[in-house]
Amino acid sequence: MWVNRFHVKHVPENIDVLVVGGGHAGIEATLAANRMGMKGCLVTMDKKAVGRMSCNPAIGGIAKGQMVREIDVLGGVMGLAADNSGLQFKILNRSKGKSVWSPRAQVDKRVYEKYVNNRINNTKEITVVEGEVVRLLLRNFKVVGVVLRNNVRIYTQAVVLTCGTFLNGLIHIGERKIRAGRMGEPGAEGLTEFLVSLGLVSGRLKTGTPPRLIADSIDWTKTTVACGDKKPTPFSYRTMAFSPPDVPCHTIKTNALCHDIIYNDLDRSPMFSGDVSGVGPRYCPSIEDKIYRFAHREEHALFLEPEWFNSKQIYTNGFSTSLPEKTQLKALRAVAGLENVEFYRPGYAIEYDFFPPAQLKSSLETKNIKGLFFAGQINGTSGYEEAAAQGLVAGANAANRIMNREPLLFGRDEAYIGVLIDDLVTKDTLEPYRMFTSRAEYRILIRYSNAGDRLAKKAFEQGLITEKLYEKIAGYFQISKKTVNALNAPLTPDDINPLLLRLGEKPIKQKCSAKEILKRPVINIHHLPVCSIEKNYHDLPSYFIDEMMMEAEITVKYDGYIKRHLKQLERIQKQENKHIPESFDYLQVSSLSNEAREKLSFVRPETLGQALRVSGVTPADASVLAVYLSR
Numbered sequence: 006m007w008v009n010r011f012h013v014k015h016v017p018e019n020i021d022v023l024v025v026g027g028g029h030a031g032i033e034a035t036l037a038a039n040r041m042g043m044k045g046c047l048v049t050m051d052k053k054a055v056g057r058m059s060c061n062p063a064i065g066g067i068a069k070g071q072m073v074r075e076i077d078v079l080g081g082v083m084g085l086a087a088d089n090s091g092l093q094f095k096i097l098n099r100s101k102g103k104s105v106w107s108p109r110a111q112v113d114k115r116v117y118e119k120y121v122n123n124r125i126n127n128t129k130e131i132t133v134v135e136g137e138v139v140r141l142l143l144r145n146f147k148v149v150g151v152v153l154r155n156n157v158r159i160y161t162q163a164v165v166l167t168c169g170t171f172l173n174g175l176i177h178i179g180e181r182k183i184r185a186g187r188m189g190e191p192g193a194e195g196l197t198e199f200l201v202s203l204g205l206v207s208g209r210l211k212t213g214t215p216p217r218l219i220a221d222s223i224d225w226t227k228t229t230v231a232c233g234d235k236k237p238t239p240f241s242y243r244t245m246a247f248s249p250p251d252v253p254c255h256t257i258k259t260n261a262l263c264h265d266i267i268y269n270d271l272d273r274s275p276m277f278s279g280d281v282s283g284v285g286p287r288y289c290p291s292i293e294d295k296i297y298r299f300a301h302r303e304e305h306a307l308f309l310e311p312e313w314f315n316s317k318q319i320y321t322n323g324f325s326t327s328l329p330e331k332t333q334l335k336a337l338r339a340v341a342g343l344e345n346v347e348f349y350r351p352g353y354a355i356e357y358d359f360f361p362p363a364q365l366k367s368s369l370e371t372k373n374i375k376g377l378f379f380a381g382q383i384n385g386t387s388g389y390e391e392a393a394a395q396g397l398v399a400g401a402n403a404a405n406r407i408m409n410r411e412p413l414l415f416g417r418d419e420a421y422i423g424v425l426i427d428d429l430v431t432k433d434t435l436e437p438y439r440m441f442t443s444r445a446e447y448r449i450l451i452r453y454s455n456a457g458d459r460l461a462k463k464a465f466e467q468g469l470i471t472e473k474l475y476e477k478i479a480g481y482f483q484i485s486k487k488t489v490n491a492l493n494a495p496l497t498p499d500d501i502n503p504l505l506l507r508l509g510e511k512p513i514k515q516k517c518s519a520k521e522i523l524k525r526p527v528i529n530i531h532h533l534p535v536c537s538i539e540k541n542y543h544d545l546p547s548y549f550i551d552e553m554m555m556e557a558e559i560t561v562k563y564d565g566y567i568k569r570h571l572k573q574l575e576r577i578q579k580q581e582n583k584h585i586p587e588s589f590d591y592l593q594v595s596s597l598s599n600e601a602r603e604k605l606s607f608v609r610p611e612t613l614g615q616a617l618r619v620s621g622v623t624p625a626d627a628s629v630l631a632v633y634l635s636r
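Heads up: the sequence shown begins at 6 in the working numbering, then just goes up one per residue.
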């Protein structure tokens, strides 16, 4: 009986911050609170599963890579773990502007998990307890502790819930249903019901994972090799020795026969047929959704990704499904290269409880219960990176609450983490939330390459990183700033015209600054003779010098766009930060639309800026609200 298997021999005492859940959110929450001087306790249902990558073997990606960089600047462990376990590194979106370039890494899941597990277990003032939290202990609507399944009580000053897909988790494989948090691990029951009894509103979401294939059953000669960058870029500013392998992934494509097999069994897919009550991720659709929604497409790309070095277990990226196992196998065997494929494990869907995050403040603390924070999939998000970012912020703010300090907050113009949290606490969560560069209206300002310049000072002031690390990161950006200054140097026609003519560019007739030359689209910073400044930093890792050169180039080329964004920010800043009292009664404002009154009463935005972004609030509603607040 798994519910009785927990035996807590030594109940930890004097705990400051208690974190429930050992996934990516729980890890970053625990470590962030610890870096700020808190004694922490991580409660997990399986100590061996701490840091487990339950889905794809990758970290980063479009917009997600920016968040991993931000997590790293804030002292988080995700970037370091990825750098130490990476099998292949690649910058995505290279065909677009540098402001949306995003780093991604294929990682060895086993090495990643071991690295994170060691970090948690070898950190002083962190205790890991194996158990299941079923309810909270409250005093005057403030958290004072938790109760485990076996009635053990652990007292604490703040709790961060990072339950992932475990709250009443239900796995679907065709008609089969398995109560679990993920395959082979029991779900958590009772905590949702307790939270609802406190007045919190819950909902159901779903997500899926693809089958894992046996490598030896694949005909690799019929696949296309996909390698990483020849000059890889690490995630972490703390990574010094970086020479990862370039373990290839492989691509294949579905076909008409594969599609027909899936289409004929659509009614047997619980994710598609409606048997699963939760809403699924629109931006990461199942193969069933792809076949149905994009019926005109003759093929879909699948990526075969090794789950660890020399892995015999292959992740089938692009084939998320809840079809019966036999249908999954039959459909995949219709694909060239997979004619004789065998499964380690079929794909499956999982539905789980979540709590709409409009019930949270921007600090990720619940609005009704002091000292209770939510982070990760419990807030309706999807993805390792989104979870880790929330966990770090929640853990830091749990520490800030205990120390009676102002919370750690990020603006939408300051970090992708700021966009993530602002979207969560102001907009309707109709599907699992996934970060994209398109969600960030100030994405030119919040590039992956300038994360250190944006956030290191705040991280140091919060106590999330040491002074030594802050100075190290600031030192990197001095390279970029000195390079930008060097670009003010004048170039004569004799200096630059031979290059311009060679590149098919119009030559200059009189002296011109290197900065003006660099603004031409075909010119990059390495074309310019004044940029030999990089040679002065030969003792630093080449990948960071290259990145700082690129950052200097972006600063020059995007100068006009950046100035325009800064002017926009200056205009809206007064509205953005105008505080709304917690007791403000929207129902009494008759000039507001009915929908606005209903939505604002539920969300209870903290500022006028947040109110303007609440779904259902029109510009007319915003004007009315601004007038009332000015009174």
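Just so it is clear, CB atoms sit at the ideal spot from N, CA and C, and this is done for glycine as well.
These numbers come from a predicted model, not from an experiment.
Nearest residue (CA-CA) to residue i, options the options
{"i": "TYR438", "options": "SER387, ASN19 and ILE407", "result": "SER387"}
{"i": "GLN364", "options": "ILE292, ASP234, VAL206 and GLU558", "result": "VAL206"}
{"i": "HIS29", "options": "ALA601, ALA336, LEU23 and GLY169", "result": "GLY169"}
{"i": "PHE607", "options": "LYS477, GLY204 and ASP272", "result": "GLY204"}
{"i": "ALA519", "options": "ALA491, GLU344 and SER59", "result": "ALA491"}
{"i": "GLY381", "options": "LEU414, ARG350, ILE422 and ASN156", "result": "ILE422"}
{"i": "ILE296", "options": "ALA616, LEU262 and LEU309", "result": "LEU262"}
{"i": "THR238", "options": "THR229, ASP500 and ASP251", "result": "ASP251"}
{"i": "LEU369", "options": "ASN39, LEU334, ARG448 and ILE383", "result": "ILE383"}
{"i": "MET553", "options": "ASP564, ASP77, LEU460 and THR488", "result": "THR488"}
Residue i to residue j span [Cα, whole Å]
{"i": "GLY65", "j": "GLN93", "result": "12 angstroms"}
{"i": "ALA631", "j": "GLU575", "result": "18 angstroms"}
{"i": "ILE374", "j": "VAL139", "result": "17 angstroms"}
{"i": "GLU600", "j": "GLY621", "result": "6 angstroms"}
{"i": "LYS44", "j": "ILE319", "result": "40 angstroms"}
{"i": "ILE484", "j": "PHE379", "result": "39 angstroms"}
{"i": "MET6", "j": "GLY189", "result": "Reliability of the predicted coordinates at MET6 is poor, the pLDDT of 30 falling under 50, and the value obtained from them is presented with this limitation in mind. MET6 and GLY189: Cα-Cα distance of roughly 14 angstroms."}
{"i": "PRO586", "j": "GLU611", "result": "7 angstroms"}
{"i": "ALA231", "j": "ASN455", "result": "28 angstroms"}
{"i": "GLY84", "j": "LYS101", "result": "24 angstroms"}
{"i": "THR326", "j": "VAL105", "result": "30 angstroms"}
{"i": "PRO495", "j": "ALA420", "result": "35 angstroms"}
{"i": "ARG109", "j": "ALA63", "result": "7 angstroms"}
{"i": "PRO311", "j": "ASP113", "result": "8 angstroms"}
{"i": "GLY31", "j": "VAL25", "result": "7 angstroms"}
{"i": "VAL8", "j": "GLU556", "result": "For VAL8, the pLDDT reaches just 40, beneath the cut-off of 50, and the residue's location in the model is therefore unreliable, although a value from the coordinates is still provided. Near 53 angstroms, if we compare the C-alpha coordinates of GLU556 and VAL8."}
{"i": "VAL82", "j": "ASN126", "result": "13 angstroms"}
{"i": "ARG525", "j": "LYS462", "result": "33 angstroms"}
{"i": "ILE219", "j": "LYS235", "result": "28 angstroms"}
{"i": "VAL629", "j": "ARG115", "result": "55 angstroms"}
{"i": "ARG124", "j": "ARG298", "result": "44 angstroms"}
{"i": "HIS177", "j": "LYS211", "result": "10 angstroms"}
{"i": "PRO249", "j": "ASP88", "result": "8 angstroms"}
Residues sharing a beta bridge with residue i, DSSP
{"i": "TYR353", "result": "THR214"}
{"i": "ILE219", "result": "GLN318"}
{"i": "LEU496", "result": "CYS517"}
{"i": "ASP358", "result": "ARG209"}
{"i": "TYR438", "result": "THR386"}
{"i": "VAL230", "result": "HIS255"}
{"i": "PHE348", "result": "LEU218"}
{"i": "GLY457", "result": "Answer is none; GLY457 lacks a bridge partner."}
{"i": "GLU75", "result": "Answer by DSSP bridge pairing: none, since GLU75 is not bridged."}
{"i": "LEU175", "result": "ARG184 and GLU356"}
{"i": "PHE378", "result": "VAL165 and GLU370"}
Beta-carbon contacts of residue i that lie in its chain and below 8 angstroms, excluding the five residues immediately before and after
{"i": "ASP270", "result": "LEU328, PRO329 and THR332"}
{"i": "SER107", "result": "GLY65, GLY66, ILE67, ALA68, LYS69, GLY70, GLN71, ILE96, LEU97, ASN98, THR442 and TYR453"}
{"i": "GLU391", "result": "LYS69, MET72, GLY381, LEU425, TYR438, ARG439 and MET440"}
{"i": "ARG636", "result": "none"}
Own chain residues within Cβ distance below 7 angstroms of residue i, not counting five before or after
{"i": "GLU137", "result": "PHE11, MET50, LEU153, ARG154 and ALA193"}
{"i": "PRO361", "result": "VAL206, GLY208, GLY385 and THR434"}
{"i": "VAL16", "result": "VAL157 and ILE159"}
{"i": "ASN122", "result": "VAL55 and GLY56"}
{"i": "GLY639", "result": "The chain is shown only over 6 to 636; residue 639 falls outside these bounds and no answer can be derived."}
Other residues of its chain near residue i: CB distance less than 6 angstroms, five sequence neighbours each side excluded
{"i": "SER291", "result": "GLY213, MET276, SER325 and THR326"}
{"i": "ARG618", "result": "THR431"}
Completely contained alpha helix (DSSP H) runs for the region 91-141, where each covers 4 or more residues: 114-126
Any beta strand (DSSP E) of 3 or more consecutive residues that is wholly inside the region 13-56: 20-25 and 45-49
Unbroken stretches of the alpha helix (DSSP H), 4 residues or longer, contained in the region 544-628: 547-562, 564-581, 599-608 and 613-617
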